[in-house]
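As numbered in the numbering used here, residues 9 to 238 make up the sequence shown, in order.
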Amino acid sequence: MTAPLGPTRILIADDQEDVRSGFRLILGSQPDMTVVGEAADGLTAVDLARSLRPDLVLADIRMPGLDGLELTRRLAGPGVPDPMRVLVVTTFDHDDYVRTALRDGACGFLLKRSGPGLLIEGVRAAMAGDMLISPQITVRLLRNLAPAPAAAPAPAASPAPSPLTAREQEIARLVAEGLTNAEIGERLFITAGTAKTHIANVRAKVKARNRVGIAAWSWESGLAGPAPRE
9 MTAPLGPTRI LIADDQEDVR SGFRLILGSQ PDMTVVGEAA DGLTAVDLAR
59 SLRPDLVLAD IRMPGLDGLE LTRRLAGPGV PDPMRVLVVT TFDHDDYVRT
109 ALRDGACGFL LKRSGPGLLI EGVRAAMAGD MLISPQITVR LLRNLAPAPA
159 AAPAPAASPA PSPLTAREQE IARLVAEGLT NAEIGERLFI TAGTAKTHIA
209 NVRAKVKARN RVGIAAWSWE SGLAGPAPRE
């Protein structure tokens, strides 16, 4: 999957007309994005995706004919010879849905209630080869990645030096909290672009594939404390 030379061409797949209209307005307001097609069911979406070859497909989970998970598998899953970018945007945040979508090639999983800013950021992250997951989902999933407390204290040892600078450690902690680039920028009084640059540096240093990997590393290294359990 290569980055487009012009605006990102997007196909919207959602069975609710008002949702498609809202997404079209949000994405069409961005100079680097254009909506090239819409589908109200999964089968039509797959057909349009294969004929239009958009740069990105926005897919709801529950649609008639073919749901968003199967759509993702057919367009981006293992064994697809020419996979597309599929960004799942849905009301339903069940863990099984998230895991299945990501396993089958989704380049992000956003909740509709997360708002237009995160939708735009999710599209841009997908096009940059990154993955964005709604913060509410990220924090919940990472609870399962937190290391279990040791049964007995281990012998004292000198901690390994962190590969991150002090500012990068701040960034990694905030990623582990599920903050977006814009929210990290507001917290640290830097621009969202600067936050994005720091995140890219952190990814490279800790060898993480995406933001979830950064958060997992932060938890495993003790940089970020465990999230409270509900």
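Virtual Cβ for every residue (Gly too), placed ideally from N, Cα, C.
If only uninterrupted alpha helix (DSSP H) runs of at least 4 residues are considered, those enclosed by the stretch 57-99 are 76-84. Looking at Gly186, Pro143, Pro39, Gly137, the one whose alpha-carbon comes closest to that of Met92 is Gly137. Shown here, Ile128 sits in a helix according to DSSP, grouped into three states. Assignment of Ala174 by DSSP, reduced to helix, strand and coil, places it in the helix class. In the DSSP assignment, Thr202 falls within the unbroken alpha helix (DSSP H) covering 200-214.
Arg107 and Leu77 have their C-alpha atoms roughly 10 Å apart. Around the Cβ of Glu228, a 10 Å sphere holds fewer than 16 other Cβ atoms; the residue is exposed. Boundaries of the beta strand (DSSP E) around Gly116: 116-119.
Around Ile222, the same chain offers Ala180, Val183, Ala184, Ile207, Val210, Arg211, Val214, Ala216 as residues with beta carbons nearer than 8 Å, after the five sequence neighbours per side are excluded. For the 8 Å CB-CB criterion, Pro15 and Met41 form a contact. CA-CA distance, Ile69 to Leu118, rounds to 11 Å.
Classified as buried, Ser226 has 16 or more neighbouring CB atoms from the shown chains inside 10 Å of its CB.
Counting of Cβ neighbours within 10 angstroms places Asp112 among the buried residues, the total reaching 16 or more. Ser170 and Arg195 have their C-alpha atoms some 22 Å from each other. Separation of the CB atoms of Val94 and Leu110 is rounded to 11 Å, and the pair is thereby denied contact status at 8 Å.
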